[in-house]
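Residue 47 in full-length UniProt numbering sits at position 47 of the sequence shown, with consecutive numbering throughout. No residue lacks a Cβ here, since even glycine has one placed at the ideal position from N, Cα and C. Just below is one structure, and these are the notes that go with it.
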Amino acid sequence: MSRQGRITLRSKIMAGYIVILLCLGSSLFLLSNRITSMEQAIDFVTDHDMTVHDLAGGLEKHLLDMETGMRGFVITGEERYLEPYDAAMSNWVSDYDQLHRLVGDNSGQRQKLEAIKANIERWIETAGEPALANKRNGRQAELDTFFQADTGKKITDELRSQLEDFRDTEKELTAARVDSLDRQNSDLRLALAIIFLLLVALSVAASLTISGAIVRTVKAVIGAISDIADTEGGTKGRRVEVQSRDELRDLGDATNRLLEKQEGDAWLQSGIAEIAVSYQGQPLVSQLAEAFIAKLAGLMGASYGVFYLRSGDRLARSASYAAGSGEVGAAGFRLGEGLIGQCAVERRVYEVDRVPDDHIKIATGLGQSSPRSILIFPIEHEGRVEGVIELASLDAFTSLHRKLVDQTRSTLGMAINNVLSQMEVKRLLEESQTMSEELQAQTEELQQQAEELKAQSEELTAQQDELRAANDALKRSEDDLKRQQEELEDSNLELTKRSELIAEHARRVEEINERIEMQNSLLERQAVDLKTASRYKSEFLANMSHELRTPLNSLLILSQLLAENKEGNLFAKQIEFAQTIHSSGSDLLRLIDEILDLSKVEAGQMTIELQPLVWEELADGLERGFRPLAERKGIELSLKLEETALKEPVVTDAHRLQQILKNLLSNAFKFTSKGKVELSMLRTVHPELGCVVAFKVADTGVGIPADKKAIIFEAFQQADGSTSRKYGGTGLGLTISRELAALLGGRIEVESAEGVGSVFTLLIPGTAPEAEATAREEIASAGGTGGAGTGRTALGAESDSTSGSGPGSPLKPDLPLAEPSPFGRPAARAGFAPAPAADVLAPAIEWTSPELLEHSEVPDDRHRIQPGDKVLLIIEDDIHFAKIMLDLARSRSFKAIVALQGDTGLALASAYKPDAVILDIQLPVLDGWSILDRMKQNPELRHIPVHVISVVDEPQQGLTKGAMAYLRKPADKASMESAMSRIESFLDRGLKRLLIVEDDVILRSSMVELIGHDDVAITAVSTGEEALKELDGEPFDCMVMDLGLADMTGFELLDRIRKNERLRQLPIIIYTGKDLDMKEEIELKKYAESIIIKNVKSQERLFDETALFLHRVEANLPEDRRNILKKLYNNETAFEGKRVLLVEDDIRNIFALTNVLKSHHLNVSFAENGREALELLEQDPSFDLVLMDIMMPEMDGYETMRAIRRMPPLEKLPIIALTAKAMKEDRMRCIEAGASDYISKPIDIDKLLSLLKVWLYA
C-alpha cells in the first residue's frame, strides 16, 4: 500500500497470491492430518495384526513341539527328543503374555486366549508331564493306559480348534481394518481432487480479477496512444484517462506528458517549416519582414508585433502586425536606446511579464485590453544583429514559444542577409547595366562629335582653298585684298574657335576612353574574381574531402579492429555495433565521393569514350542488377527494344549511359511499391534535338507533384525534402544523370502524375557524328574545349553547373540519388557515384555456411560427384552463359558445379576443392578479383587453375593475380572450346614446365635447386635465343628471366615473346639485380606478371611466385618449401622486425594506424609534419618504409617526399602516400613527387597490409 491510500499493482498481485497461498496452506494442513491418521491406521495393522497372527501361530507351533517332543521321547527314550519340548515349555508363556497384551482391547479374543491357555496348562498337567514321568520311571503299563485313553490328543485337538477360531477372528478384524483404510484412501483422493479444483478455480478467479483490472487499463492507454498516433501532426489528440489509483495512472500521466512533448515538438517543427515557407522567395526585406512577423505572431498567439530592421547604427520599423488606425510602435531607435536598442546591443532576449496599464492597448471589435506579456528578441547573422522584433500578447509566452523564437532567429538572419545580398547584387547589376547604357550613349555621342569634327575639317579645307584663291585675287586688286584680309581675319577667328572646339572634343574623347578602360579593368577584375571563386570552390571540395576523410579514416580503421575482435573480449552485440559503425562510415564515404563526382562533372573533368552500343550487353547487365530487387519487391521488370532502334549503330559512351539508366531504374524501384518498371529503347524525332535514340524508364510509383518538377534536377533536392520524408537518398542522382546526359549530347525529360507514376526519358544523338557534334556544342556553349580525333570528349572547365541539359528549358529532378546496389556489386560496376579513391572492403564470407552450399537455380552435378571425377566450378552470374558452360563441361566428361554469386562460388570452391574454376569478374556480393585474391591466399585453394571469362578487358591484371588464362566476352563457341581444351590440357599434364633464363651459372643452379621437385620440370638456359628456341617447342607454364643477358636485353626478349600470339598469356616473372627507374618499371609491368629485385628475401618471393603461376599443390611440396610459403603468408610474422615511419599530423590517425601496424609486429615511429620526418630520417636512415600523409602543416607530403628523394641514402626508400583527397590526378601527383605507391583515406587495412608486404620485400 502506497501513500494517499492507493493500492499499487504490486499490492494487488501480492494479495491475490496471499489468498491462494492461504487456501493452499489450509488444504495442505487438512490433508496432512488425514494422511497422518491413515498412516497411524496402517502402522496399527502392520504392527498389531501381523504380530497377533505371528504369535498365534507361535502358540500352535509350541503346542506341536511339546506334543511331538513328548511322543518322540516316549517312543525312543532318548533325551534329545525333549529339546523341542523344553524349548516350547520355556517360550509359550512369553508369547502368550505378549499376545494377551495385544488383544487386551478385545474382550472376546481375550477370553478365547485365556481358554487356550487353560487347555495348554491342562495338557501339560494331564498329558505331557505324566507321560514323561512314566517314561523316565519305566512305568510302561501306565504309558499304555495313557495312550489308550488318548487324553492328550483330545486336548490337543481342542486347542487346535480354539487357535483356528482365534486366528479367523483376527483375520476378520484385519480385513475390516484394511477395508476401512481403502475407504479412507478413496476419500483422501476425492478430497485432493476437490481441493485441487477449488485452488484452480480460486487462482483463475484471482488472476482474472487482477489481470482484468491491469489489462483494461493498459488497453485504454494503448488505445489512446494509437488514436494519438493516427492523429495528423499538429492536431491535439485526446489524453489517456486512468481511473485506478496505481502505477497505471502513473503510466497514463507519463504518456500524457510524453504526448504533450511530442505535440509540442511537432508544433515547433511545423511552425519552423511554415515560417521558413512564408518568407521563402521574398525579393525585398520589407516583404520578408511582413511575411515573417505575420506568420510568427499568428503561431505564438501574439496580438501585436513590430519588426525593426537595422540600418547602420539605427533600427527602423520595417513591418508590423495587427496595426490599428495608427502605426504600431515607435518609428525607430538608435542602438542602445530603449529595450529595443539595448536588445540589439546585448544580443539577448527580453521578456516583460508585468506590463503597465498605460502601455499599448490591444483592440478588438468588443473593446481594448492591456497585453499581459511582451517579448523582444534580436535577429542575428554571423554575430551581427540584423534586426529586432517585439511581440505583445494577452497571454504569457510559453517555453515552446521561446524555443520557436530561438530556432527561427538564425535562419531569419541568414534569409535577411541573403535578401540583402540579392538586393545588392541586383543593384550592382542595374548599376552595371546603367553604366553600360551610359557608356553606349557616350560612345554614340563621341561618334557623332567625331563626324561633326570631320565635317568641320572638310569645311576648313574648303576655306583654305578659298584663302588661296583670295591671295591670287589680291595680286590683281588691292581693294579686293583689303576686303579679303578682313574676311580672312574673320575666318581666322572662326578657325581659332573651331580649333578650341576640336581640342575640347579630343579631351572628352580621352575622358570617354579612360572610362572605357576603367570599365574593362572592372570586368577583368570580375573575371579574376570568378576564376578565384571557382578555384576556391575546387580547393574547398578538396579540403573538405580531406577534413571529412581524416576523422572518417580513424573511425573505419578502429571500427574494423573492433569488429575483428582479435582479443575475443567483445560480446556479439558489441561486434554488431562496430560493424554498424563501419557500415555507416562507408555510407558516408560514398556520399563524399558522390559530391566529388558531381564536382568533377561541373568542373569539366569528366570524359566520355564513344563506341558502338551493344544492346544485349547493356540489357543483360541491367537485368542481372535489378531482377533480384524486382522479385524481392514483387514488381514486374520489363526491358523492351523496338525493331527500328538499332537499324543504325548507336554510338555513345556505354559506361556513362549505363550509369544514367541505373540511376533512373534505381529511382523507379525506390518510389514504386507495386506494379511494374519498364525500360524501353526506340528511335524518335524530337522537335528540338532532331533524330534521337530515346531510353524511357516508366514506373507506376508515387509520381511527382506538379509544383516539384522544377526542383528535382537540382543537387541535394527531392520531391519530398521534409524531415519526415519516406524515401532516403542524397538528391544527387538525377543531378549527375542530367550532367552526364549533357556530356553525351542529350537531355533528360520527365512526365509524371502524382499517384499514377513517372516516365523519365533519356534522349541522346543516334549516330557518332551527331553525338560528337552535339557534345562539342555543349562544350563550346560552356566555354570548354574537347579532344579531337580521339573519340574522347571532355566537358569544358567553365561549364555552368546550373544550366539545363540540352537545348530548351531544362527540367529539374525530384528523385534522390540511387541507393547502393542491393546485390553487393562494387560501386564502379553499379554506376552509382563511383569512388575510385576508396576501396570498398570485400564482405566477410562464411565459407562453411550451409546457405551458400544449397543447390543453385541451375541444376548441376554437385550431388553426383564420385571419387576420381574431374570437377569444374563455374562462377558466372549470367544463367544462360552458365548453362552453356555447364553443357560444354559435361560434353568433356567434367562434373560441373554452378555458382551465380561470388560468395557462393568461394564457398563451393572451399567445400568441393574443384580441379579447375571458370570465373566471371562482375559478380553479385563478391567480385571475381576478390575471389581470385582469396583463393590464391588460401593454401588449400591456391593451386587450383582459374580461367577468367569476362567482359572486363583487363587480362594483365587477371594473369598477375594468378589466373591461368583470360578470355574476354563476348566469346564465340570456338573460343570457349579452346578455353576448355586449355583447362583439360593443363589438368592432364601432371608435370608443370618452367623455363629459367639466367646467364649466371651459379645463380641458375641455385634457382633450379630452390624450385625443383618431382611436380615440376625445369629447363634452364643462359641466353635469349636459347629461350626463344625452347618456347617455340614444348609449351611452358611459367617463365623466370633476368634482364641482363649476353645476346640481347631483357626488354628485347620480352617484346619478341609478347609478339607471339601463342605466348601472349605465358606468365613471366622478372628476377633481376638491376636497379630499375620508374620508366623501366612501368614498361616491364606491361609484359611481366611479377618483378622481383634480388636481395636477401628475393628467393622466398621467387619460390612463392613460381608456385602461384605453376599452381603447385602446397601439401605435395617438401616440408622446408611449405615452411617458406607459410612464413610468407603469415601476417603475424611477415613484418617481424620491420621499421615503419608514419608521417601524419592527425593524432586520431596516428593512434589508429599505430595500433593496426603494431598488431602485425611492425616497429612504428611517427612524425607530426614533414620537417620532423626529415630530422628523424637524417638521424636514423634505417627505416624500411615510410607512410606519408599529404596535407600537413609547415611542410606538406609532396615537399617532404621530394626532400627525401634528394637524400642519396634514401633515394630507394619505399614511400606510400596517404591522402584524403580523392581526385583522379592526386595519384599521379603523389607518384611524381616521389611516392612509391598511393592509398586513399579511409584506409583499407587489407590493402595497406598488402602494399606493405609488396614494398617491404620488393
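Counted within 10 angstroms of its Cβ, other Cβ atoms place residue i as buried (16 or more) or exposed
| i | result |
| --- | --- |
| residue 1288 | No information on residue 1288 is available, as it lies outside the stretch 1 to 1258 that the chain covers here. |
| threonine 209 | exposed |
| threonine 761 | buried |
| cysteine 1038 | buried |
| glycine 789 | Low confidence applies to glycine 789: its pLDDT is 33, below 50, so where it sits in the model is not reliable enough to give any reading. |
| isoleucine 712 | buried |
| aspartate 1014 | exposed |
| glutamate 67 | buried |
| threonine 723 | For threonine 723, the predicted structure reports a pLDDT of 30, less than 50, and the residue's modelled location is therefore unreliable. The matter cannot be settled from this model. |
| aspartate 353 | exposed |
| proline 1208 | exposed |
| histidine 359 | exposed |
| threonine 774 | Reliability of the predicted coordinates at threonine 774 is poor, the pLDDT of 48 falling under 50, and the value obtained from them is presented with this limitation in mind. Buried, because 16 or more other Cβ atoms sit within 10 Å of the Cβ of threonine 774. |
| leucine 811 | In this prediction, leucine 811 scores a pLDDT of 29, lower than 50, which makes its location untrustworthy; no coordinate-derived value is stated. |
| phenylalanine 397 | buried |
| leucine 1248 | buried |
| glutamate 386 | buried |
| glycine 336 | exposed |
Distance CB(residue i)-CB(residue j) smaller than 8 Å
| i | j | result |
| --- | --- | --- |
| valine 1001 | aspartate 1042 | no |
| valine 697 | leucine 744 | no |
| tyrosine 308 | glycine 332 | yes |
| isoleucine 918 | arginine 862 | no |
| isoleucine 635 | phenylalanine 671 | no |
| leucine 900 | alanine 882 | yes |
| isoleucine 116 | leucine 64 | no |
Extent of the continuous alpha helix (DSSP H) to which residue i belongs
| i | result |
| --- | --- |
| glutamate 1009 | 1001-1011 |
| residue 1259 | Only positions 1 to 1258 of the chain appear in this structure, which leaves residue 1259 out of reach. |
| phenylalanine 1151 | 1147-1159 |
| arginine 122 | 107-123 |
| glutamate 616 | 615-633 |
| glutamate 1034 | Segment: none, glutamate 1034 is in no alpha helix (DSSP H) and carries neither H nor E. |
| methionine 1191 | No alpha helix (DSSP H) contains methionine 1191, which DSSP labels as neither H nor E. |
| valine 285 | 285-300 |
| threonine 1219 | Per DSSP, threonine 1219 belongs to no alpha helix (DSSP H); it is in the beta strand (DSSP E), 1215-1219. |
Below-8 Å beta-carbon distance, residue i vs any chain B residue
| i | result |
| --- | --- |
| aspartate 933 | Of the chains in the structure shown, none is chain B; there is only one protein chain. |
Supposed close pair residue i, residue j - CB separation, criterion 8 Å
| i | j | result |
| --- | --- | --- |
| isoleucine 1069 | threonine 1106 | 7 Å |
| valine 1186 | isoleucine 1215 | 5 Å |
| valine 405 | leucine 315 | Not really, about 18 Å apart at Cβ, beyond 8 Å. |
Candidates the options, of which the one nearest residue i by Cα
| i | options | result |
| --- | --- | --- |
| glutamate 451 | Asn492, Ile502, Val425, Lys403 | Ile502 |
| valine 946 | Arg993, Leu872, Val178, Val1016 | Leu872 |
| isoleucine 402 | Gly69, Gly264, Pro765, Met518 | According to the sequence as given, residue 402 is arginine; it is not isoleucine. For the residues Gly69, Gly264, Pro765, Met518, the minimum Cα distance to arginine 402 belongs to Gly264. |
| lysine 135 | Ile944, Ala1167, Met70, Ala916 | Met70 |
| alanine 294 | Ser373, Ile214, Val1186, Glu390 | Glu390 |
| lysine 1253 | Val1140, Ala1235, Cys1230 | Val1140 |
| methionine 300 | Lys1059, Trp267, Val925 | Trp267 |
| isoleucine 1245 | Leu555, Ala963, Ile124 | Leu555 |
| arginine 101 | Leu113, Ser90, Asn91 | Leu113 |
| glutamate 688 | Lys633, Asp653, Leu629, Glu749 | Glu749 |
| glycine 1024 | Val1016, Pro1035, Val1040, Glu1009 | Val1040 |
Continuous beta strand (DSSP E) stretch holding residue i: start and end
| i | result |
| --- | --- |
| threonine 761 | 757-765 |
| aspartate 1237 | 1237-1240 |
| aspartate 699 | 690-699 |
| serine 320 | 314-321 |
| phenylalanine 333 | 332-334 |
| histidine 359 | Here histidine 359 belongs to no beta strand (DSSP E), and DSSP marks it neither H nor E. |
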